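Working notes, structure below.
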Amino acid sequence: MYEGTVVYKEAENNKYKFLVLQNISKEDLANGDSEKFIELAQNQEAAYYYLDKEHYESVEIGQKVRITTDLNQNESNPPIRTALKIDKINK
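Numbering (our numbering), first residue to last: 69 to 159.
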């Protein structure tokens, strides 16, 4: 299980993913772009998550989430995992 903030979303060829960072300031979230988020991901727990369209559309950038994943991941940096369950955290 992993907790973090959704900082970037991408939909391409009916595949949906988002990038989740464990720690991000409000300033970085407001002013960042995908390259900045990937740079920030190098120094902390972070991952891309594949998910279904319904969950993709229900989660907004800036939302804190708790994600349960399968044990497989692509060995990229940040890694890519498949989300099995996503819970929104209201903080």
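Here a beta-carbon is modelled for each residue, glycine too, at the ideal position from N, C-alpha and C.
If you're wondering where the values come from, they're calculated on a predicted model, not measured in any experiment.
Glu80 is bridged by DSSP to Lys83. Residue burial annotation: Gly130 is exposed, with fewer than 16 other C-beta atoms found within 10 angstroms of its C-beta. In the DSSP assignment, Asn99 falls outside any beta strand (DSSP E) and lies within the alpha helix (DSSP H) extending over Lys94 to Asn99.
In the three-state scheme derived from DSSP, where H, G and I count as helix and E and B as strand, Glu128 is classed as coil. Beta bridge pairing from DSSP links Asn142 with Ile148.
Taking the Cα positions, Asn140 is about 33 Å away from Glu95. Judged by DSSP in its simplified three-state form, Glu71 adopts strand.
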